[in-house]
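Line by line, the protein sequences give chains A, B and C. Just so we're aligned: the first sequence equals residues 1 to 247 in the numbering used here. Just so we're aligned: the second sequence equals residues 1001 to 1242 in the numbering used here. Just so we're aligned: the third sequence equals residues 2001 to 2184 in the numbering used here. Yeah, the Cβ is synthetic: ideal placement off N, Cα and C, and Gly gets one too. A quick write-up on the structure given underneath.
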Amino acid sequence: MNVDITGLTRRFGRHQAVAGVDLQAGPGVFGLLGPNGAGKTTLLRMMATVIPPSAGRLRLLDRDPGAYGPRREVRRRLGYLPQNLGYYPGFTVAEFVEYFALLKEMPAARVPAAVATAIERVDLGDRARAKLRTLSGGMLRRVGVAQAIVNEPELLLLDEPTAGLDPEQRVRFRALLRELAQQATVVVSTHLVEDVGAACSQVALMDQGRIVFQGTPAELMARGTEQGTGDAPLERGYTAVLAAARS
Amino acid sequence: MNGPPPDVDLGRVWISVAAQVWHRRPSRLERVATRLLRSPGLARALLTTPSLLLPWLIASVVVLAAGAAATLSSGQPVTALLAPAVAAAAIAYSYGPGIDPAWELSCSMAVSDRMVLLARALAVFAVNAVLGLAASAVSAVSAAAAVPASGAAAAVTFGWLIPMTAVCAFALAVATVTRSASAGAAAGVAAWLITVLSGRVASGRFGTAATDPVLFLPYLAVGAGCAAIALYASRIPGGTRP
Amino acid sequence: MDDDDLVARVAAGDDTALRELFGRHAPWLAVRLRAVLPAADVEDVLQETFLAAWRGARGYRPQGACGGWLWGIARRQAALLLRRRGPADQAVTALPADLPAGQQGAPDPAETALARADLEVAVAALGPAGSPEREVWRLMYEQDRPVAEVAEMLGVPPGTVKSRAHRARRLLRAALRAVEGGTN
């Protein structure tokens, strides 16, 4: 189990963004669905060790990130793509990816090859030395993915990774995810239900800080047989589960 | 001719070519910083501090303003003691959640963001100190040429920028050796307090310590000593890595 | 964008041009090298070749012979690799016949191996196995038989043998020049 979460809670002031979440995930692609404000980003941020939980048990890669030493070990094996990743306009693609590779304390000798691999994997090989300010939004998102995968992480957390990518790029991205998921746990938080269906082996649906469904995409589709609204089976399952949870 | 031989992995070959073509060998300064700080990531963060332009400008402006208040006001103790706090807050904000576009990502990095802020503080003060020295030299020349010029540049440089550079270097050295950013920051605060208070004792006026050019050499010595300590400590084979 | 322009761009420091050059030329270079080297060595030699091309592109004279230039670099890198390994590791057999250019003294096995790769490509240009020029080449040059003997074996007059040998040498020279020029 790369991710082992029990009763995880996070409060901001009086608002409970995450209200008691249980989650176990091993290797594979794990999808996180839910409306805005459901707590997906907060959950992802806790798994990325950016914010500590308010209560509950969090174990990542068999370590407790509450202590400094294990947290550093987790971070070396972690890849994270935040929802709003900015960029340094004067950096080139290679410089940006290399900078974060170094901050993840990758051995310096391995960094150049790892950076080249990451850049080619996201299909930016012809822009490696282009300045970030010359890139489009979709390309910048791919640069973000590149820095997340540069250290071949065991735990990869992606918040809205396909924002700004065209359908062909999304197909290639899903193939990349499946490749990475052979060894790692990949958690993808997304609005795009089709991404979930095509790539994920497990799906969790969050609403108001709680997980209201956890299972395979097929099981989610099965939930939507009559009650749900939507064009695609997954969408129907999604709306059916949400409706049931709120009633 | 058909495709390449099936047992030759051209993708792998290209990666090894690209690895060398795309990689930029770090500058001499960065290699030295890497050895002193025992962390290539921290060294890179330190040296890219000025290249992040907007944070750099904001941090520098506030640092210089705080320095002007500290040294040019007439011996107000509170200003001299609080100025570093204002400067530190400005650096933390401009290279932090306020302005750094990749701040969220930096918080998930193995190299602690507090160590990075400490390193950036040193960069802000050190570069501004160098600029201040240049400005002081210019105003000294113009004073010699009997052109009226304020000694403000020299006062701020020798009274604030250089001592604070020494304090930051000391703080970073302590942080490197103890592997704790908090320990380093505490050491830096202590060092500044001692500086200001010993100046008070020496001349009966707060804030002078700093303005006294006689103490300039000790500050340099402190900075050099910190570098020496860190260099020596980085030679000791590491025990348990935190 | 033709090859000469690409190399000019590489010389100016454009890494995307190097990438394009790699995409175009690495496959056939790999095939040529694979004829004489194991796969792992082919990968090493290709890596060194394109790094050398990246560093030395300024020395290239644009004459439309980009392939030949790259092959020349690849040959040198392969020879370096084989020489580093030492004679014990060279699992290559010596050339059965002298190259038209001739070699002074004991031929360098590394160079020989690579020359052999060139030669095999060129000999294929003489025609399919069994064609008149190919047969003459095989008997006279590879097996080193005198003209009279070859004429008797093939059942043709010696004059015919000589003229076929002449044509074979001409074809071979042209083919070797083309091989050096990098056409596939």
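Following the DSSP letters along the chain, one finds G2072/C inside the alpha helix (DSSP H) bounded by residues 2066-2085. Against chain C, a Cβ distance below 7 angstroms from R129/A picks out D2015.
Counting along the chain, no alpha helix (DSSP H) covers G230/A, and no H or E run does either.
Approximately 11 angstroms separates the beta-carbon atoms of A2168/C and E2142/C; this is outside 8 angstroms, ruling out the contact.
Of all C-beta pairs linking the region 1034-1047 of chain B to the region 2049-2068 of chain C, fewer than three are shorter than 8 angstroms, placing the two stretches out of contact. Between the region 232-241 of chain A and the region 63-72 of chain A, the count of Cβ pairs shorter than 8 angstroms is below three; the stretches do not touch.
The alpha-carbon separation between A245/A and R57/A amounts to approximately 24 angstroms.
Interface annotation for the region 2005-2029 of chain C against chain A: D2015, T2016, R2019, criterion Cβ-Cβ distance under 8 angstroms.
The contact set of D123/A on chain C, defined by CB atoms closer than 8 angstroms, is empty, because the minimum CB distance reaches about 12 angstroms. Take S54/A, set aside five residues on each side of it, and the residues of its chain with a beta-carbon closer than 6 angstroms to its own are T9, R10, R11, in chain order.
C-alpha of T41/A to C-alpha of L242/A: approximately 18 angstroms in a straight line.
When only Cα atoms are considered, T1157/B and L1053/B end up about 22 angstroms apart. Rounded to whole angstroms, the gap between the alpha carbons of L81/A and G144/A is 6 angstroms. With contacts defined as CB atoms closer than 7 angstroms, I211/A and A204/A qualify as a contacting pair. Taking D2044/C as reference, the option from R1035/B, G1011/B, I1091/B, R1038/B with the minimal CA-CA separation is G1011/B. Under the Cβ criterion (8 angstroms, minimum of three pairs), the region 140-156 of chain A counts as touching the region 169-184 of chain A. Neighbours of L2046/C across chain B, judged by C-beta separation under 7 angstroms: V1013. Residue-level contact check: R178/A does not touch chain B, since none of the beta carbons of chain B fall below 7 angstroms from its beta carbon.
Chain B places a beta carbon closer than 7 angstroms to that of V2031/C, counting this residue as a contact. Contiguous alpha helix (DSSP H) elements confined to the region 95-171 of chain A occur at 111-121, 137-149, taking only those with 4 or more residues. Assignment of A184/A by DSSP, reduced to helix, strand and coil, places it in the coil class.
Between Y1095/B and the set A1085/B, A1110/B, S1108/B, R1114/B, the nearest pair of CA atoms involves R1114/B. Taking a cut-off of 8 angstroms for Cβ pairs, the region 71-89 of chain A and the region 1094-1112 of chain B touch, as three or more such pairs fall below it.
Looking only at G34/A, R129/A, G209/A, H15/A, the smallest Cα-Cα distance to G90/A is reached by R129/A. Assigned with DSSP and collapsed to three states, G20/A falls in strand. The three-state reading of DSSP puts Q214/A in strand, counting E and B together. Leaving aside the five residues that flank L177/A on each side, the residues in its chain whose CB is nearer than 6 angstroms to its CB run, in chain order, V29, V186, A199. The DSSP-derived three-state label of V50/A is coil. The DSSP-derived three-state label of T2160/C is helix. Neighbours of G1184/B in chain A, taken as residues at a C-beta separation under 9 angstroms, are lacking, since the least C-beta distance is about 15 angstroms.
Under the three-state reduction of DSSP output, H2166/C falls in the helix class. For P1040/B, the closest Cβ of chain A is nearer than 7 angstroms. Rounded to whole angstroms, the gap between the alpha carbons of L2021/C and L2029/C is 12 angstroms. With contact defined as three or more Cβ pairs closer than 8 angstroms, the region 2055-2062 of chain C and the region 2143-2163 of chain C are not in contact. If you compare the alpha carbons of E2135/C, A2053/C, A2074/C with that of M2153/C, the shortest gap goes to E2135/C. Counting along the chain, Y68/A sits inside the alpha helix (DSSP H) bounded by residues 68-76.
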